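Encoded as structure tokens, the structure appears first; notes follow it.
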Amino acid sequence: MTQEIKTVPFTYEALSQLEMKEGILELQIGPAHAGSGHMRILAWVEGDTVVKVDPDVGFVHRGVEKLSEDRLYIKAIPMVERPSLVDTVNANLGYVIALERLLGLEPPPRAQYIRVITAEISRIMSHLYGIAIYGIFMGSSTVFMWAVADREPFIDLLQELTGARITYSHIIPGGVRWDLPKGFADKVEVALRYLENRMKDYEKVWINNPVVVARSAGVGKLGAEDAIRLGVVGPNLRASGVKYDVRKNDPYAAYADFDFEVPTFKEGDSYSRLLIRVEEIKQSMSIIRQALKRLPEGKVIYEDYYKRMSPLMKEIYDKTGRVKFTLMLTSLSPPKGEAISRVEGGRGEMFYYLVSDGGKNPYRFRLVTPSFRNLPYFTHVMPGHKLADIPVIYGSIDYFPPEADR
Amino acid sequence: MPCAALVRLPKAINLEEEGSFYLGNLDQVAKKAAQFIKSNKIANKMITWGYSYSLWPAYLVTACCGTELAAASGPRFDLERLGFLSYGNPRQSNLVVIDGTLSIKMAKVVRTVWEQMPEPKWVIAMGACVLDGGIFWNSYSTMLARDVIPVDVYVPGCPPRPEALARSVMMLKEKIKKQQAKYLQKGLSGEAKEEASVEQRAIRRPR
Amino acid sequence: MMSFLYFIPNSWLPLLESAFYALIFPGFIAILLLAFFIIWFERKAAARVQMRYGPLWVSKRTGGIIQLLADMIRFSFQEFIVPQGADFIPFVFLPGLLLAFSVLPTVFIPIGPDYSRIFPSNYTLLLAVAFTLVIPVYLVVLGWAADNKFSFIGALREAYLLISYEVPFILAITSAFLLYGTLDLVKIVGIQESTLPGIMLNPIAAIVYVIAVIRATGRVPYDIVEADSELVFGPYTEYSSLMFGFVMGVPYIELYSYSLLFSVLFLSGWAPATGIGFLGGLILPGIVTFVKSVIVMCFLVFLRAVYPRYKLDKAVKAGWSWVFYLALIALFLSAVVSRILW
Amino acid sequence: MLSNEQLEGLGKLLADKAKVAYNARSNLIRIDVQPEALKEVALRLRDYGFDHCSSVTAVDYPKENRMEIVWHLSSYSKPELSRYTAGLVASVSRDKPEVASLVSVWEGVIFLERETHEMFGVNFVGHPDQRPLLLPEELMGIWPLRKDYQLKKRREDLFKKGGAAS
């Protein structure tokens with residue numbers, strides 16, 4: 008029952024020559040509005056159909072790139088996590104990989120596996136938060152409450168590992184700061200089994216709900232070649248039929264060792280964007296299980312850094328498996344050069360570009376987040392739909408404004 | 005000029021000329037009744053109970069602490085137990101929760117939302133960025149909450165834990181009780197209401 | 375009978391009795407208490423489905439049942455803002471009018487076999503339905519009075535949905551009328567007691583009636599008019615203090631009068647409890663109908679926890695397509711059934 | 017690892033116009049190009065397989081009075097090419113940073129170029145609308161990401177009376 012919506016994505020020229028007829032009403036779906044996050048959607052509406060949309064972003068812009076030029080290399084880690092606060096491990100992982108490519112060091116395999124486990128748990132949490140926002144934008148507070156509740160067991164897992172609720176700063180150049188506590192593996196298994204049962208409830212109440220299908224099937228369609236032309240990222244790209252996942256195409260950390268398949272759908276509408284997030288949660292669960300089964304032994308910090316630790320630090324590390332911040336990490340100054348790193352975050356590909364001039368502070372740090380790459384959905388895909396479809400498309404692309412504004 | 009207006013009617017309908025029914029000077033009557041209610045002990049206790057158990061925040065998510073506000077209104081730290089129902093519209097709400105960094109663009113929106121809200125209103129400023137800068141303290145586009153609107157309760161943390169947010173709502177309840185009790189000692193003077201609840205602050209440029 | 379009222383002159387008794395019905399039992403006080411209960415039940419049931427407590431700390435022992443009292447106190451002691459551009463007279467006086475008109479249908483709906491003594495007319499079904507149609511018109515005017523883009527769009531949506539769902543609603547009422555052959559609700563309940571309750575006789579009419587009620591009172595799949603994620607709060611965006619309390623209460627009072635009509639029309643009203651006189655003839659059967667309508671209301675209110683929001687153009691299309699055909703089938707069915715029965 | 021003949025193939029493709037270098041550790045192919053030949057090289061790269069642009073940014077070198085504008089390209093459709101990122105670099109003088117906009121080549125660059133314009137003051141010729149995207153109107157024109165823009169709040173007024181940490 009997917010209705011055919013004439014939404015051939017407009018090219019930018021066609022949009023800019025749109026003359027304002029007298030019947031068009033300009034709606035400011037502003038920041039203080041239940042249907043838009045921290046941004047203002049300027050929508051020109053004629054009757055009930057949307058004629059033109061112009062997203063007004065930048066309400067949460069704090070200038071992470073400029074501030075990182077004023078701080079040490081290691082201090083950029085908490086600042087990189089704050090924009091994508093719902094998916095902090097992947098944000099942290101991308102920056103540290105770029106830094107390690109500058110320094111030219113490779114963390115031990117056990118640290119790589121722990122990075123993959125925490126990254127996949129963070130991906131599950133990010134997808135659940137996306138489903139929650141999608142639910143509240145469509146008017147169902149039940150799914151919002153369920154998804155926010157189902158995030159809590161995973162928050163507890165990483166809180167037990169690192170001590171913080173969502174801002175972990177767990178990954179440092181050379182490895183990770185904490186080794187896995189005892190009994191972590193079966194706690195993870197309990198959480199994963201809990202989520203599997205909950206997914207059955209989601210199927211019944213939300214995914215096969217006739218009103219959800221009626222509202223989101225066929226809405227916000229984006230074909231494969233248009234998705235490539237506009238450069239959108241992440242699950243939205245795979246929902247449009249393009250088989251691209253940085254973990255498969257350009258494997259980082261230890262992703263080459265695991266076999267997982269990249270789900271894709273062809274329709275590219277809001278309903279398939281919801282289904283693909285459910286599929287990816289299943290894939291992440293299988294990756295976590297494989298990683299926990301084949302977790303190698305050994306150190307959690309780079310061999311050379313371990314040797315340069317002071318005896319007290321070594322003793323703390325051997326007893327508790329905790330890497331204390333040594334002076335060496337704060338006086339990090341990589342050689343002159345540049346490095347890029349790409350990480351598949353929960354919402355899509357995070358791009359990092361680090362230029363260093365040999366000093367203590369990064370010379371130039373460029374961060375492009377997936378939500379910023381998904382902005383063309385507003386200008387190109389939304390025109391032509393009904394006013395009630397704006398929150399549906401906005402919720403389905405899982406757009407998180409602080410991450411887009413950095 | 006004791007006008008017998010029913011309520012502050014616009015000029016179009018002026019009851020005086022057409023010889024309207026004269027109900028006595030309603031402005032004074034209304035003002036006296038309001039002050040009587042505010043200074044009566046039982047009525048004051050009832051109003052305080054009503055205000056403190058029905059805090060509806062305006063739907064204003066300013067920055068990344070919004071995830072913790074969502075987690076706080078989620079099932080685990082359910083804030084609806086305390087009567088904290090997030091109801092989108094500023095007209096019907098009496099609380100603003102500033103969660104996270106206030107950029108200059110967002111400060112204008114927060115100021116307009118705050119001015120749109122009806123009179124007894126309170127502000128919870130959540131997160132280190134609005135207290136004293138947080139980790140974006142020297143950014144060129146952020147401001148502190150106290151420069152924009154008068155804040156009642158600060159919640160430290162980056163992001164603060166949902167339990168801290170629940171505790172801030174409880175602290176706001178105590179503050180409302182103290183604020184309302186001030187009317188009792190101050191007796192019938194109207195200025196107490198003005199000075200107690202709202203300090204008018206203009207927007208200042210970032211220093 | 376009623377010897378304890380010896381001191382009141384006999385000429386005042388009927389007046390007092392009808393005042394009792396209008397004000398106390400199925401009238402104003404019962405509705406206010408029921409509105410308190412229903413809103414609390416809606417938030418609590420939705421919270422229970424979402425694995426959390428609902429409003430609790432207001433009164434811990436009774437599970438937060440007086441949460442709405444706190445809300446109402448806050449509303450009444452809040453500043454009432456009249457925006458500059460708003461049209462003053464309709465903006466200020468319409469919510470009160472809405473509240474008054476939404477209570478009106480309950481006057482015509484009988485709650486006992488002796489009700490014909492209180493309101494002797496054999497067109498009560500017609501009158502009850504007629505007064506339920508007045509409220510949407512006020513809603514559209516209210517949307518236009520507030521000077522706010524979202525209110526305009528909300529009022530426009532109310533007009534669309536009103537037209538597309540009133541036709542099936544009227545068809546459902548006529549199929550009930552065709553089924554029982556009379557417009558007097560007291561006789562209708564008499565017929566239902568002798569044969570089967572209305573919902574068994576013509577289930578399709580009951581379904582169409584429920585769908586129209588969900589649309590009319592804006593329950594969740596159809597809360598398109600005040601959709602908070604598209605239009606901030608539809609026609610009620612600009613209302614602040616006590617006026618918002620009225621406007622928020624009107625759908626619940628409408629829901630009460632619709633479900634009262636539903637229990638009388640389809641659930642054979644006061645079936646088991648029939649009797650004569652004040653106590654047996656009106657109070658006991660009244661309580662039975664009241665309980666039945668509260669159960670219907672709880673079902674309708676529970677939908678908030680199940681469904682997301684429906685889209686306007688799909689809702690209007692559905693109103694004119696399958697809901698309309700369903701109503702026609704109901705009409706045909708009641709014709710056949712009434713031919714068989716008598 | 018990018019094999020040598022692939023590198024030569026790319027070099028021959030852009031023979032006269034651009035210099036090609038390969039950074040093994042982060043799979044980055046750096047293509048330095050003259051600003052005049054930018055559009056033409058971009059079209060060739062797109063046909064070669066780089067079908068979308070991941071990031072547009074600029075790096076400011078005040079000492080050498082030049083500014084490098086970098087387009088990072090990657091490939092969705094060709095799996096073997098998607099391992100590598102091509103960094104298309106055009107360096108312009110600092111006092112008049114002007115460069116051709118590549119919106120006609122990759123449409124996804126609209127918002128990226130708009131952000132670089134408001135952060136660095138680089139004028140992208142041919143860009144449909146260079147309005148401010150992230151910055152408010154008052155901060156338009158201070159080009160915050162340039163090296164000569166100093167952050168106003170300094171560490172010392174952190175500890176001043178009434179400062180953030182006092």
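Residue numbers (the working numbering), protein chains in the order written: chain A, 8 to 413; chain B, 5 to 211; chain C, 375 to 716; chain D, 17 to 182.
Quick reminder that beta carbons are idealized off the backbone N, C-alpha and C, glycines included.
Owing to the predicted nature of the structure, the values given are computational and were not obtained by experimental measurement.
Counting C-beta neighbours from all protein chains within 10 Å, is the total for residue i 16 or more, i.e. buried, or is it exposed?
{"i": "V697 (chain C)", "result": "buried"}
{"i": "N204 (chain A)", "result": "exposed"}
{"i": "S667 (chain C)", "result": "buried"}
{"i": "S317 (chain A)", "result": "exposed"}
{"i": "L408 (chain C)", "result": "buried"}
{"i": "F673 (chain C)", "result": "exposed"}
{"i": "W716 (chain C)", "result": "exposed"}
{"i": "E453 (chain C)", "result": "exposed"}
{"i": "K418 (chain C)", "result": "buried"}
{"i": "L59 (chain D)", "result": "exposed"}
{"i": "I403 (chain C)", "result": "exposed"}
{"i": "M357 (chain A)", "result": "buried"}
{"i": "G365 (chain A)", "result": "exposed"}
Which whole-angstrom value is the C-beta distance of residue i and residue j, which I expect to be below 8 Å?
{"i": "W118 (chain B)", "j": "V134 (chain B)", "result": "Going by Cβ atoms, the distance from W118 (chain B) to V134 (chain B) rounds to 14 Å, so no, they are not a contact pair."}
{"i": "G54 (chain B)", "j": "F451 (chain C)", "result": "7 Å"}
{"i": "C69 (chain D)", "j": "L128 (chain D)", "result": "7 Å"}
{"i": "Q35 (chain A)", "j": "A261 (chain A)", "result": "That belief does not hold up - the Cβ atoms of Q35 (chain A) and A261 (chain A) are roughly 47 Å apart, past 8 Å."}
{"i": "L635 (chain C)", "j": "P479 (chain C)", "result": "7 Å"}
{"i": "Y136 (chain A)", "j": "A154 (chain A)", "result": "7 Å"}
{"i": "L167 (chain D)", "j": "Y144 (chain B)", "result": "6 Å"}
{"i": "F505 (chain C)", "j": "F475 (chain C)", "result": "7 Å"}
{"i": "G131 (chain B)", "j": "P166 (chain B)", "result": "The pair is not a contact, with the Cβ atoms about 13 Å apart (cut-off 8 Å)."}
{"i": "G142 (chain D)", "j": "V119 (chain D)", "result": "7 Å"}
{"i": "L164 (chain A)", "j": "V195 (chain A)", "result": "6 Å"}
Compare the beta carbon distance of residue i and residue j with 8 Å and say whether it is the shorter of the two.
{"i": "V87 (chain A)", "j": "V71 (chain A)", "result": "yes"}
{"i": "I121 (chain A)", "j": "V307 (chain A)", "result": "yes"}
{"i": "L656 (chain C)", "j": "I485 (chain C)", "result": "yes"}
{"i": "I173 (chain A)", "j": "L100 (chain A)", "result": "no"}
{"i": "P464 (chain C)", "j": "V515 (chain C)", "result": "yes"}
{"i": "Y80 (chain A)", "j": "L339 (chain A)", "result": "yes"}
{"i": "F140 (chain D)", "j": "R162 (chain D)", "result": "no"}
{"i": "R301 (chain A)", "j": "V269 (chain A)", "result": "no"}
{"i": "L169 (chain B)", "j": "E72 (chain B)", "result": "yes"}
{"i": "V624 (chain C)", "j": "P609 (chain C)", "result": "no"}
{"i": "W60 (chain B)", "j": "S97 (chain B)", "result": "yes"}
{"i": "A41 (chain A)", "j": "S603 (chain C)", "result": "yes"}
{"i": "I412 (chain C)", "j": "Y626 (chain C)", "result": "yes"}
Just list the residues that DSSP pairs residue i with in beta bridges.
{"i": "M83 (chain D)", "result": "D:D76 and D:V108"}
{"i": "R373 (chain A)", "result": "A:Y360"}
{"i": "K59 (chain A)", "result": "A:W51"}
{"i": "P61 (chain B)", "result": "B:L99"}
Inset, instruction - Select from the region 115 to 145 of chain B all residues with a C-beta closer than 7 Å to any C-beta belonging to chain C, and list them in chain order. - result: Hits within the stretch, in order: P122, E123 and P124.
Inset, instruction - Pull out every residue of the region 133 to 149 of chain A whose Cβ sits closer than 9 Å to any Cβ of chain C, in chain order. - result: G142, I143, F144, M145, G146, S147, S148 and T149
Inset, instruction - Quick one: which residues of the region 220 to 238 of chain A get their C-beta closer than 7 Å to a C-beta of chain C? List them in chain order. - result: A221 and R222
Legend entry - Members of the region 56 to 70 of chain A that neighbour chain B once the beta carbon cut-off is set at 8 Å: G65, F66, V67, H68, R69 and G70
Legend entry - Interface residues of the region 190 to 223 of chain A facing chain C [CB-CB below 8 Å]: Of all residues in the region 190 to 223 of chain A, only V212, N216, V218, V219, A221 and R222 come within less than 8 Å of chain C when Cβ atoms are compared, listed by chain position.
Inset, instruction - Using a Cβ-Cβ cut-off of less than 9 Å, give me the residues of the region 39 to 53 of chain A that come near chain D, in sequence order. - result: none
Legend entry - Residues from the region 156 to 172 of chain D in contact with chain B, defined by Cβ distance under 9 Å: I158, P160, Y165, L167, K168, K169, R170 and R171
Inset, instruction - With 9 Å as the limit, tell me which residues of the region 607 to 638 of chain C have their beta carbon closer than that to any beta carbon of chain B; keep them in chain order. - result: F607, Y610, T611, E612, Y613, S614, S615, F618 and M622
Legend entry - Near-chain A residues of the region 418 to 435 of chain C (beta-carbon distance less than 9 Å), N- to C-terminal order: A420, A421, V423, Q424, M425 and R426
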